[in-house]
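Undergrad:
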Amino acid sequence: MANKIIAGNWKMNLSAKEAMDLIKGISQQEIPSDVKVMVFPSALYTGLAATFAEGIEIGVQNFSENDNGAYTGEISIAQTKSVGATIGLIGHSERRAYYKEDHATLKAKVDKAISENFDFIFCCGEPLFIREEGSELQFVQQQLDDSLFHLSAEQMMNKIIAYEPVWAIGTGKTATSEQAEDMHRNIRLWIAEKYNEQVAKSVSILYGGSCKPSNAKEIFAGPNVDGGLIGGASLNVEDFTALTHSF
Ligand code: PGA
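Written out as structure tokens, the structure is:
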């Protein structure tokens, strides 16, 4: 069974004090027991967040595909684990667009995470021009084929995928619940075709892109929408907590 997940991607926001206040604030809230909550603070605050988090998984927004050594500015999975991270994002559209992370790099990150037994959320999603030309299904399927679907059926069990249409990220523009459900249904179908029904049912598929308390209920009502990867609305205790009650 896929898990219900609300994940907060804090991106490059907040001072150490603000991050600490936010994690403490979220930890004090009533969260439904069947919802998994994760937050992805700036990597600088991983240790701090892990210390103050209660019932919340702490993750990193990015990690290296290498073990250790001369990779200035990078962080390894072992380092993130040593300060309490249990999960990392792979292939967020901002990493793909601004830091030129290509399919081969993302595939290497997936393989590194698997070999280190480190959980991850694999992000995918089409830019606006692809949506406008109507080829979003082929585009997203290709992203998954290129960097994720080389895993074995056993490795794919219980994985997490976030569908984030690039045109909806941080823009206030949200995919309609039909657009989100349509893509999620197809992603699950591709997994069932490539692997099997059991694997497809075990994968959690999250929606991301201007998801907030006012639109979450409708989006999460989609039978193939298992939760959200939340940017802007994850920076506020009330909004983020409200999202965990939106299923
Ligand atoms: P947003 O960001 O909710 O601010 O659109 C989502 C994301 O990039 O993960």
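Residues 624 to 870, numbered by the numbering used here, are exactly what the sequence shown covers, in order. Here a beta-carbon is modelled for each residue, glycine too, at the ideal position from N, C-alpha and C.
What residue does the beta strand (DSSP E) around Val660 start on, and which one ends it?
TA: Along the sequence shown, one-based indexing puts residue 660 at 37. Taken as a continuous stretch (DSSP letters only), the beta strand (DSSP E) holding Val660 covers 658-663.
Undergrad: Is any non-hydrogen atom of ligand 1 found closer than 6 Å to the C-beta of Gly831, if you look at the structure I gave you?
TA: Looking up residue 831 in the sequence shown gives position 208. Placement of the Cβ of Gly831 at a distance of less than 6 Å from at least one heavy atom of ligand 1 is found.
Undergrad: Tell me which residues share the same chain as Gly850 and place their Cβ nearer than 6 Å to its Cβ, disregarding the 5 neighbours each side in the sequence.
TA: Here residue 850 is taken as the residue at index 227 of the sequence shown, counted from 1. So the list reads Lys627, Ile628, Ile629, Leu829, once near-sequence residues are dropped.
Undergrad: Relative to the alpha-carbon of Ala708, which residue among Glu688, Asn685, Ala673 has its alpha-carbon at the smallest distance?
TA: Position 85 of the sequence shown holds residue 708. That would be Ala673, whose Cα lies nearest to the Cα of Ala708.
Undergrad: Less than 6 Å separating the Cβ of Asn838 from some heavy atom of ligand 1?
TA: Counting from 1 along the sequence shown, the entry for residue 838 is found at position 215. Incorrect: Asn838 has no Cβ contact closer than 6 Å to ligand 1.
Undergrad: Tell me the residue span of the beta strand (DSSP E) that contains Gly670.
TA: Within the sequence shown, numbered from 1, the residue matching residue 670 stands at position 47. Gly670: not part of any beta strand (DSSP E); member of the alpha helix (DSSP H) spanning 669-675, first to last residue.
Undergrad: Are the CB atoms of Lys735 and Ser770 within a distance shorter than 7 Å?
TA: On the sequence shown, residue 770 is found 147 positions in, with the first residue counted as 1. On the sequence shown, residue 735 is found 112 positions in, with the first residue counted as 1. The Cβ atoms of Ser770 and Lys735 lie no closer than 7 Å to each other.
Undergrad: Per the contact definition of three or more C-beta pairs closer than 8 Å, is the region 663-670 in contact with the region 630-640?
TA: yes
Undergrad: Note down the Cα distance separating Lys796 from Ser833, rounded to an integer number of angstroms.
TA: Reading the sequence shown from its first residue, position 173 is the one you call residue 796. Reading the sequence shown from its first residue, position 210 is the one you call residue 833. Using only the alpha carbons, I get a separation of about 6 Å.
Undergrad: Just tell me which of Phe686, Ser699, Ile700, Gln651 has its CA closest to the CA of Ile679.
TA: Here residue 679 is taken as the residue at index 56 of the sequence shown, counted from 1. Minimum Cα distance to Ile679 is reached at Gln651.
Undergrad: Flag this pair as touching only if the region 797-816 and the region 697-713 have three or more C-beta atom pairs under 8 Å; answer yes or no.
TA: no
Undergrad: Using 7 Å as the threshold, is the C-beta distance between Gly748 and Tyr786 below it?
TA: Here residue 748 refers to the residue found at position 125 when the sequence shown is read from its first residue. Here residue 786 refers to the residue found at position 163 when the sequence shown is read from its first residue. Yes.
Undergrad: Could you please give me the residues that DSSP links to Ala642 through a beta bridge?
TA: Translated into positions along the sequence shown, residue 642 becomes position 19. Ala642 is not bridged to any residue.
Undergrad: Closer than 6 Å to a non-hydrogen atom of ligand 1 - does that hold for the CB of Gly855?
TA: Position 232 of the sequence shown holds residue 855. Checking the Cβ of Gly855 against ligand 1 gives yes.
Undergrad: Let me know the secondary structure DSSP gives Glu680 once reduced to three states.
TA: Residue 680 sits at position 57 when you count from the first residue of the sequence shown. In the structure shown, Glu680 sits in a strand (DSSP, three-state: E or B).
Undergrad: Nearest by alpha-carbon distance to Glu804: which of Ile784, Ile842, Leu767, Ile783 is it?
TA: Locating residue 804 in the sequence shown gives position 181, counting from the first residue. Ranked by how close their Cα comes to the Cα of Glu804, the residues Ile784, Ile842, Leu767, Ile783 have Ile842 in first place.
Undergrad: Could you check how far apart the C-beta atoms of Arg811 and Ala823 are, in whole angstroms? I think they sit under 8 Å.
TA: Along the sequence shown, read from residue 1 onward, the residue named residue 811 stands at position 188. Along the sequence shown, read from residue 1 onward, the residue named residue 823 stands at position 200. Correct: roughly 5 Å between the Cβ atoms.
Undergrad: Between the alpha carbons of Phe675 and Gly682, how many angstroms are there, rounded?
TA: Along the sequence shown, read from residue 1 onward, the residue named residue 675 stands at position 52. Along the sequence shown, read from residue 1 onward, the residue named residue 682 stands at position 59. Rounded to whole angstroms, Phe675 to Gly682 spans 14 Å at the Cα level.
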